[in-house]
Each structure stands twice: as C-alpha cells, then as structure tokens.
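Taking it in order: structure first as structure tokens, then the write-up.
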Amino acid sequence: MTTTAASSSSHHLSPAFPGRAPWGTASKLRAWQQRAMEKYLQEQPRDFLAVATPGAGKTTFALTLASWLLHHHVVQQVTVVAPTEHLKKQWAEAAARIGIKLDPEYSAGPLSKEYDGVAVTYAGVGVRPMLHRNRSEQRKTLVILDEIHHAGDSKSWGEACLEAFEPAARRLALTGTPFRSDTNPIPFVTYEEGQDGIRRSAADYTYGYGSALADGVVRPVIFLSYSGNMRWRTKAGDEIAARLGEPMTKDAISQAWRTALDPRGDWMPSVLRAADQRLTEVRKAIPDAGALVIASDQESARAYAKLIREITGSGATLVLSDDAGASKRIDEFSQSTDRWMVAVRMVSEGVDVPRLAVGVYATTISTPLFFAQAVGRFVRSRRRGETASVFLPTVPDLLGFANEMERERDHVLDKPKKDGGEEDPYAESEKEMDEANREQDEDTGEQDMLPFEALESDAVFDRVMYNGAEFGMQAHPGSEEEQDYLGIPGLLEPDQVQLLLQKRQAKQIAHSRKKPDTEADLLEMPAERRPVVSHKELMELRRQLNTMVGAYVHQSGKPHGVIHTELRRVCGGPPSAEATAGQLRQRIAKVQEWATRMK
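My numbering puts the first residue of the sequence shown at 38, with every later residue one more than the last.
See the structure below:
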C-alpha cells in the first residue's frame, strides 16, 4: 500500500470510531500513532512489534489498526491477550468505545455473534492453547499481544502463545518495556545479531520516553530521593548502623533499604508526609491529582495505609491482589478525587489511572523493568504542563534508573560475556519479579527466616533528579530547604522545571554559606558532589585493602585475620564485607602507615 493510501486510512475507519484519541477530544491520531499506522499499512506485515513508552497511547494505536483491518476484511475477528484480568477488561471497555465488541469473560465454546472477538490473559492462553488455535484457524484473526514481554514469563506461556497464535492472520505485539532480565525468547519477536554477536529484539516502530516528552505526550518526572540513618540486627545478632545512600556492600544496601521501608521506623512516615505535602501543592493546579504507594507486600501495604490515615486524617484505597474486588477499587479510585491509593501488584503496568501524579516507591524490587513499569503509572499526560513526582529511597540502582529515564533498551537474548568480574546488572531481575508478583495472603513462615531485623530509621531529604541532572543539598524533613522543592508548582513546562530547580539549588547553597560554622549542618553538600559509589568500585576497594593486608602479612609475620581485626579496632566500623567506601579507604591508609613505619 502506498503512503498516500496510508495517510487517507482515517477515511476507511469504522463510522463508530469517535475521535481516535485517548480521551476522545482530538480529531486525529497523535503524530507517532499516525506514523506507525502508515508504516504498518505500507508494509502489511504479518508480525509487527510496536514499542511505545507508558502513557503514549498504545491502546489507541492498536484499536485504530484493528478497526481498519476489520473494516477492510483483512481480518474477521480480534483476540487481545493481556497480562492481567483487570487489563483484559480495560481493553474490552476501550474497544467498546470505538465500536469493537470484545468478550472479556470468554472461556470456551462458540462466541456469541454480537462480539467481534475476545480479550483473554496470557495465563488463560497457557491453560487452553488449542482452544485459541482452533479459533485462529477457523476465522482470519488479528491477535493483539499487550505487554508481550509477559509471554516470556514462563516457558509454558511462551510455548502456549506460539501454539495458539501460529495460524493467526496478523499479530500485533505491544510493549512499553521491551526488555527482559532473562534470556527467554519472546514469541513472534524478531531478534537481530549485533556486531558483538549478541541477539537483541528488533522493534518495527519505537516511540521512547524522550520523544514523547518532547511532544508533550507524557509528563516530565521529578524524582525526590531520601536518605537517612538506618540501624538493624543481622541474623548473627550483630547490630549494624549505616546511612542509606552511603557506599556499602550489596547485602548491606539491601538491609538498609528494607529497614527504611519498615513502617515501624521514622523513614516511611517522614517520606509519606513529604509526599502528601507535594500532593497538596500539585492539586492547586491539578485538583483531582492522586498519589500511589507501591508496596512490597500486603502486610506493609496495610501498615502504609494506616500511616496515611494518621498523617492525613483520611483513608487510602487499598489494592491487595488481582481479584475482582481489587479491579473495582482501582476503577472507583480512578473516577474519584480521593488522594491516596496503596497497592502491591495491580498497578505495576498497564493500569490506566491518568490522575496519578505523585508516587512513593516503597518496594525493594531493583530491576529496570519493574522500575520503568512503576514510573509509567505517573507519566500519562492529560494536558500540557502537568508534572509527575516520584519519591525514592537513596539506593544506587534506583538513582541510576531515574537518571536513565530516556534510555531505550531492547530484549537481549544472549547473556553478555562477563568481563573482569563485572556483574550483569539485570541478573537478579527474574527472581525479584517473581517475588513482586507472588501473592502473600497467608503467613508462609518467611518472616521468621529474615536475615535481619529492622531496629530504627530516620529520613533526610537527599536530592532531586530531573532530566539526568541532580539538584539540592541534604536537609532535614520539615526544613525550609525541603519545602522549597516540595513546593514546586504542579503545572510547568519541562524547561521551566529545570530552570526552577536550578534557582532553588542556588538559593539553598547561598543560604548555607551564610551560616556560621557552628550552625552548619554537616549533611549539607550539593547533589553533584555526592556521587553514588557503585558495587564494582566497592569491590575494587576491598580488593585493594586485601592486597595491602597481604603485603603487610609478609612484612609483619602476623596472620590476615589478626591484621583485619586490628584495623577494625583502630579505625572502627563493621567487617570489610559491610564497610563503607570511606571506612575501607581509612583502613587502606592505616595499613600503609603501618607498613611505612616498619621499613
């Protein structure tokens, strides 16, 4: 088909199709949706992978295309496959608004003639692949595979999708996060080998966050990170104190992070209070703006909801599992003007609550996939100038993801070869995603097996991240410095956000310089002077210390263990495996001093 024919495709859409824009007010498709349509209609491929950032309008694009294919008798029916029960119902509702009737309750047997197709889940296809294969063989079918990376969640799901939809006339795959942490191939996705010999997924059309932000399709995201002092007891009975955000081992970071998220400490109440203040400011410009806490498990979610009631005087909508009641609560919250929702699973991706503008990332999942899905809940723009604010603990992985919002990733089918001991940053994603998606309605006894016990925590406002840059100086909750950032207007253009943050930081630094030394807060340091030391750099410091200790062993005749114990006694701090970068450097300097004296 020619480009001219593609451009005039709007004249051939079903008359029932209203405005072809997400909220039915525009007279044409968004520019990216039109370009993707033109590419599809020109090439007429059997398989097409469209990657578009969360909030960009993948559903509108897919249903526009479905309407065209039905109208031109290229296909006779539509099957939508979605990750969750809630999403398949959401698809059916969206399709109904444009005159395509999908049955979201279909399970077996002949489909009523009033329907144009069905909406099912990947799990449902996994249970009865032959049912869907028979349907695809009997009539020319368009299969829309929503968030297709889920088809690789398990070998059985992937095989079932291949079995069920191999005969389909057309297959349209959609995703906002086209990368997985494992090497399970995604069905109906093309992989191309790069110069490095590694196969990566190849999209037919890509519309990333950076492009969507420039077009005003999504909101700019302001990340506000909070540090603080944490204290916990290990399984061995040792008490450890550390500052969230300081260089530590991977295990220590994990335990400090979990200590921060413990609802019995002071960190979570302080951050929820700050997020609620931010929500109040945003609602001055966006009156119905809502906030969401993404929790790790149901027990924590209930505790956070209780804290929100204590802080605000109003209850929060609690979404605990993927059941019909939870789906209804999300819909009710979406239509209301209530301030807060707390959820464990239901809103990690695809669930459309456009009024969500403030988020608290209160889960220990540290995968780029989950982070992108979570932040995607807040970026859907309804009008120009809306901003999103996401509150984070100061954890290196999360700060890295926040600073890479515009980075586009593909699914890597082959594991990169490890070089020099460097760890694959996505290696643990599969396990963490399983943990995140596992329902915890019952006491599994795992609580008694935790490797640590959270003792106490406090919060410190750490930094603001926006558009890859960092702003702010550390400040205590409730301070004038923190209020400066919480009070940023909720309706700003992206360049105005950047300018305002620069002004706030300049004011904060100038104010700090006027303080007498006796009043200066030792925490105060501009964000750009507080780099996060990576796990790789920590490994190098530990290697350097062990090398120095090994050399001193030969010089002094003392065993390794004796020297390490003496270093801890003189310099203080925990064992090397849990020491911060500063503590390791101090021990390196001390052992160098000892070695020099002996020469």
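Beta carbons: idealized from backbone N, C-alpha and C, even for Gly.
Where N266 sits in the DSSP three-state scheme | strand
Should the stretch 300-307 be regarded as contacting the stretch 486-505, the criterion being three or more beta carbon pairs within less than 8 Å?
-> yes
Identify the residues that DSSP records as bridge partners of M502: which are they?
-> F260 and E507
Helix, strand or coil at I235 according to DSSP, with G and I counted as helix | coil
Which residues bound the beta strand (DSSP E) around S426?
-> A425 to P430
In this structure, does DSSP put Q113 in helix, strand or coil?
-> coil
Taking the C-alpha atoms as reference points, what is the distance between Y342 and A353?
-> According to the sequence shown, residue 342 is Ala rather than Tyr. Cα-Cα distance, rounded: 6 Å.
Return the chain-ordered list of same chain residues with a C-beta closer than 8 Å to the C-beta of K544, the five sequence neighbours on each side being excluded.
-> D521
Spatial neighbours of K95 in its chain, beta-carbon cut-off 6 Å, leaving aside the 5 residues before and after = A89 and L211
Which residue from S418, R414, L406 and A425 puts its Cα closest to that of L435?
-> L406
Can you find at least 3 beta carbon pairs, one from the stretch 197-205 and one from the stretch 229-248, that sit closer than 8 Å?
-> no
Taking C-beta to C-beta, are G99 and G302 nearer than 8 Å?
-> Reading the sequence as shown, one finds Ala at residue 99 and not Gly. For A99 and G302, no; Cβs fall outside 8 Å.
Is the beta carbon of L528 less than 8 Å from the beta carbon of A322?
-> yes
May I ask you to report which of helix, strand or coil DSSP gives I625?
-> helix
Of the residues G265, A156 and Q581, the one placed nearest Q511, counting alpha carbons only | G265
Got a sec, what are the start and stop residues for the beta strand (DSSP E) T354 sits in?
-> T354 to V356
Identify the continuous alpha helix (DSSP H) that holds L329 and give its terminal residues.
-> No alpha helix (DSSP H) contains L329, which is instead part of the beta strand (DSSP E) from G327 to A332.
Alpha carbon to alpha carbon, how far is V379 from D389?
-> 15 Å
Nearest neighbour of F489, chosen from E347, Q539, S291 and V534 [CA to CA] = S291
DSSP three-state call for P55: helix, strand or coil?
-> For P55, the predicted model reports a pLDDT of 34, less than 50, meaning its position is unreliable; a value from the coordinates is still stated below. Here P55 sits in coil by DSSP.
Taking C-beta to C-beta, are P91 and S262 nearer than 8 Å?
-> no
Taking one C-beta from the stretch 236-255 and one from the stretch 72-91 each time, how about it: are there three or more such pairs within less than 8 Å?
-> yes
Check: C608 C-beta below 7 Å from any heavy atom of the ligand FAD | No copy of the ligand FAD occurs in the structure displayed, which carries no ligand at all.
Buried or exposed for I546, please, with buried defined as at least 16 other CB atoms from any protein chain shown within 10 angstroms of its CB.
-> exposed
Which of helix, strand or coil does DSSP assign to A205?
-> coil
Is it buried or exposed for S351, if we count other Cβ within 10 angstroms and need 16 for buried?
-> exposed
Pair within 8 Å by beta-carbon distance, Y503 and L538 = yes
Of the residues C198, L604 and L179, the one placed nearest I185, counting alpha carbons only | C198
When you compare only the Cα positions, how much space is there between A399 and V111?
-> 47 Å
Looking at the C-beta of G515, does it have a partner C-beta in chain D at a distance below 8 Å?
-> No chain D is present in this structure, which holds just one protein chain.
Collapsed DSSP secondary structure at S516 in the structure displayed = coil
Which term fits R606, buried or exposed, when burial requires 16 or more other beta carbons within 10 angstroms of its beta carbon?
-> exposed
Can you list, in chain order, the residues of its chain whose CB lies under 7 Å from that of L582, leaving out five sequence neighbours each side?
-> S613, L621, R624 and I625
Smallest Cα separation from S193: which of N171, G161, A73 and I181?
-> G161
In terms of residue numbering, what span does the beta strand (DSSP E) encompassing I181 cover?
-> T178 to L182
Assign E347 to one of two classes, buried (16 or more other C-beta atoms within 10 Å of its C-beta) or exposed (fewer than that).
-> exposed
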